[in-house]
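Note that the sequence shown covers residues 24 to 868 in this note's numbering.
Report on the following structure.
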Amino acid sequence: MTSGEAAPALVLVEEVLDEHGLSSSEAARLLAKYGRNEVVEHRRHSLAAQLLRRLASPLVAILVVASIISGALGDLSDAAIVMAIVLVSIVVELFQTERSQHAAEALRAHVAQTAMVLRDDAWREVPRAEVVPGDLVQLSAGDLVPADASVVTANDVHVNEAAMTGESLPVEKHVGEHVLLGSSVVSGTATARVVATGRATEFGGIAEVLQRRRPASEFEHGVARFGLFILQVVVFMVLFVFVVSAARHHGTLESLMFAVALAVGLTPEFLPMIATVTLTRGAVQMAHAHVIVKDLAAIQNFGSMDILCSDKTGTLTTGEMKVEEYVDSQNQTSERPLLLAYINSYFESGVENPVDAALRRHGKLDPIDAAVLRHEHPDISGFRKVDEIPFDFERRRVSVVAARGETALLISKGAPESLLAVCTHVEAGDARLALDDEARRRIDALHDAMCRRGLRVVAVASRRVSPRGTYTKLDEHDLVFSGFLGLADPVRDDAREVVDQLRRDGVEIKVLTGDSPTVARHICAKVGIATDELLTGTEIASMSDPALAQRVERTTIFARVAPAQKTRIMLALKTRGHVVGFLGDGINDAPSLHSADIGISVSSATDVAREAAEIVLLEPGLRALGNGVRAGRAAFGNIMKYLLMGTSSNFGNMFSMAGAAAFLPFLPMLPKQVLLNNFLYDLAQITIPTDRVDEALVQKPRRWDISLIRKFMIWVGPVSSLYDFLTFYVMLKVFEAGPALFHTGWFVESLATQTAVIFVIRTSGNPLRSRPSRPLVATTLAAITVACLLPFTPFAHWLGFVPLPPAYFAFLGGAVLTYLALVEVVKRLLFRATARSPRRGSRPR
């Protein structure tokens, strides 16, 4: 922040006097003054800057300098042609990459973080980037603090500040204290006035230092190793070809340009663009399936996932609970627990969960029950809220204090074992009895019976309290147990079908839930998940990590598990060689989302969960996830096509070129021809992202396998070189070609074979039974057609080409067809050998 800028904290005194929040016009003015609420400014480099950066890459820079020197020595046409090819290649790459990045950013905008602010005297949701100093923000459990702010009101609010202070335990905040950007609300509610945004926040001051790139995915590691391997080959090729060509008196400058042009041809410079375009296209297709990808690199892990860890609520079930039963401790239907629970839900202001939603629907929409409640009990409208003790995951309950007249009632609802722990009495009709051991056994048996029917059980208790302004969780004692509510969370209509489809696609579902083992088994049995093997949180707590790793392999249900235990389960699965996805939407799911190979959340999840996830589902349930998995596998499959091509036919041709330089009395191809060949080849492959992927390739998890790429190079590369040397022989012995005719004939043959081979490589099966996309067919045939026609155009002279005899095209047709047939034979032998070879290691490196 420059000295001329006002400190954002001063806004409170100097610019914002209204205690009711900002107006829209004030917010717009402050946004213009202080900028967007972003700790790291995401500056997009101009196209000119990106162009210059690519021109400055070592290989391109050498080529450009050599061209300039060549032009200065009088060969202006060759220099201009080389420069033009280089520039056009870069422009095409920039255009495709830029378009893909815009598409990816548009997708991420769908799941951008928001904040609840008071604007124009009304609470409204705005993008977090538009929060300004002076805004009054609303905070509740699960929210990320959107900016540095001063607490105005606080209701038992606890904040996790681990990202800022390293303190793992939540810190309670009181009025006048500060909450900081980068922290999250664990429990309670608050309102706070924003005092600093963006880089002016405490977190913004250290954001550049704190920022760490997420761990590279398996795919990114593989591409990096592939790039290093290519670099080593390129360096060797450049030195070898340059020395050999210069030794054969081809001219030092010409030899250098040829060697560098060959290096450019060997380098898959379009790989980043092809990968970006393919992944973006996959992300767009996944968006059509209601799956938003926040990080493109996550798509490969998504496709590799073979185990999905998830809760059952909202995925296997609808998440829309319905009140089915309301009973007292004697298992008699009683509207008393329903009324108390309804008052509790009606006045609660913390996190609204499916339980609360079910209670409100039942109380407001069921006319029969509403009439009974009004007839036999005091009208709900006679109650007013006094205070609230918000829910947290340690207490697993929420309490409100409601008053009617001079009588104040503390009403609690929550997990049965948690609530019963603070109860001392039990209602029995109009009487109040001590909660002795016999009563507890009876209540426990009632609870178990309800669970066996698949009901989510909520306990309700209350006690009278003396009227005062505020209450805390210390007031939750000596409660009187009123009864249970049994809530049914219906299984989704498509749950069994989707579970079966995921299983067929190689993804096993493991259910991690806080519910009881009985309820978890009941739901899993309905959707076709095995229920034989189950572990509880208590059992997990007593197990060592190696012992847990042995059990998780066959266990499908984990019940009554704590958030930290979910992370242990996933780490155990990862040690067994699995690629693990975790679907979470709660406050405490962030550590598990980070620990998983792929973190998945839903658009309705808490801020903390959505921020931690790499994939966000726009609709509940698993159908969207299943469709997204297949789209991710298809995107990865298309990237592999480009890599396999680059390590087979293209590599073979380039090795042939290096070999030809050693025995030919002239350069096997002019530098400008090498570059043009490479440019047309890349243009032909630019439509690979549009290609169809065989059904077999999306029916099981796909992992990065660099060994397959190496094998393709070793097995298929020599086939390409074989046909190149056959072409050398035909051109020299049959057509008695001089340098120009030789250059022309080999240019056409090399481009035709290395582009047409995509029709064989693109499928692991019979290429005649797998239909490529129309764009891929069009660009491939267009590249071959251009290569065949170039020698007969006015540009031929400038490019060093001469017309080819008609007999050559007969040879070309036969060569291409037999080459593709031989590659198909070699491909089948390779896949057969690969299928027989045992897998090495559990997780690919």
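We put the CB at the ideal spot given by N, CA and C, even for glycine.
Relative to the C-alpha of residue i, which residue among the options is closest?
{"i": "A632", "options": "R216, G788, V114 and K317", "result": "K317"}
{"i": "E358", "options": "V208, G509, R304 and V267", "result": "G509"}
{"i": "G529", "options": "R725, A484 and V483", "result": "R725"}
{"i": "F659", "options": "F735, G305 and S505", "result": "G305"}
{"i": "W738", "options": "T803, L845 and N701", "result": "L845"}
{"i": "G609", "options": "A636, A595, L812 and L594", "result": "A636"}
{"i": "T214", "options": "V140, A284, T303 and A223", "result": "V140"}
{"i": "I711", "options": "L525, T803 and P586", "result": "T803"}
{"i": "F414", "options": "A426, L442 and A431", "result": "L442"}
{"i": "Q157", "options": "F834, K597, R216 and R147", "result": "Position check: residue 157 holds Gly in this sequence, whereas Gln was assumed. Cα-wise, what sits closest to G157 is R216."}
{"i": "S333", "options": "G537, A164 and L319", "result": "G537"}
{"i": "C811", "options": "K734, V848, S773 and G788", "result": "S773"}
{"i": "L497", "options": "V521, F834 and S435", "result": "S435"}
{"i": "V149", "options": "F281, S163, P169 and T579", "result": "P169"}
{"i": "A152", "options": "G199, I552, N183 and A50", "result": "A50"}
{"i": "L853", "options": "S671, G675 and L835", "result": "S671"}
{"i": "A286", "options": "V198, V742 and N676", "result": "N676"}
{"i": "P490", "options": "S618, V409 and R147", "result": "V409"}
{"i": "V198", "options": "E184, V180 and L525", "result": "V180"}
{"i": "Y57", "options": "T224, D144 and M106", "result": "T224"}
{"i": "V264", "options": "D501, A484, M680 and L749", "result": "M680"}
{"i": "L331", "options": "K533, I563, L594 and D717", "result": "K533"}
Provide the residue span of the beta strand (DSSP E) that contains residue i, from first to last.
{"i": "S624", "result": "I621 to V625"}
{"i": "G404", "result": "Per the sequence presented here, residue 404 reads as Ser, with Gly not at that position. Run containing S404: none; DSSP gives neither H nor E here."}
{"i": "Y349", "result": "K345 to V350"}
{"i": "G604", "result": "V603 to L606"}
{"i": "F507", "result": "L502 to A511"}
{"i": "P150", "result": "A145 to P150"}
Let's see if you can read the secondary structure: which residues bound the alpha helix (DSSP H) around residue i?
{"i": "M473", "result": "D460 to R475"}
{"i": "D538", "result": "Taken as a continuous stretch (DSSP letters only), D538 belongs to no alpha helix (DSSP H), as it is neither H nor E."}
{"i": "Y746", "result": "I729 to Y752"}
{"i": "R653", "result": "R646 to G669"}
{"i": "I580", "result": "Where I580 is concerned, there is no enclosing alpha helix (DSSP H), although the beta strand (DSSP E) it sits in stretches over I580 to A582."}
{"i": "R797", "result": "R797 to L812"}
{"i": "G768", "result": "P762 to A779"}
{"i": "V617", "result": "Residue 617 is actually His in this sequence, not Val. Note, H617: alpha helix (DSSP H), A613 to S618."}
{"i": "G560", "result": "G560 to A564"}
{"i": "D630", "result": "D630 to A635"}
{"i": "S441", "result": "P439 to L443"}
{"i": "M593", "result": "P586 to T598"}
Indicate whether residue i and residue j have their beta-carbon atoms separated by less than 8 Å.
{"i": "R785", "j": "K664", "result": "yes"}
{"i": "G326", "j": "G655", "result": "yes"}
{"i": "R583", "j": "G600", "result": "no"}
{"i": "T767", "j": "I807", "result": "no"}
{"i": "V809", "j": "L764", "result": "no"}
{"i": "M473", "j": "V481", "result": "no"}
{"i": "F770", "j": "Q708", "result": "no"}
{"i": "S206", "j": "V182", "result": "yes"}
{"i": "L204", "j": "G44", "result": "no"}
{"i": "V154", "j": "A138", "result": "yes"}
{"i": "N354", "j": "L167", "result": "no"}
{"i": "I592", "j": "R248", "result": "no"}
{"i": "E61", "j": "L690", "result": "no"}
{"i": "E499", "j": "S565", "result": "no"}
Using the beta-carbon count (16 or more within 10 Å), is residue i buried or exposed?
{"i": "T493", "result": "exposed"}
{"i": "G506", "result": "buried"}
{"i": "A858", "result": "exposed"}
{"i": "W727", "result": "buried"}
{"i": "R527", "result": "exposed"}
{"i": "Q588", "result": "buried"}
{"i": "V625", "result": "buried"}
{"i": "A830", "result": "exposed"}
{"i": "P360", "result": "buried"}
{"i": "V757", "result": "exposed"}
{"i": "D453", "result": "exposed"}
Could you check how far apart the C-beta atoms of residue i and residue j are, in whole angstroms? I think they sit under 8 Å.
{"i": "D705", "j": "L799", "result": "With a Cβ gap of about 13 Å, D705 and L799 do not count as contacting."}
{"i": "A685", "j": "G788", "result": "Wrong, their Cβ atoms sit about 39 Å apart, outside the cutoff."}
{"i": "S47", "j": "R142", "result": "6 Å"}
{"i": "L835", "j": "L822", "result": "Not really, about 18 Å apart at Cβ, beyond 8 Å."}
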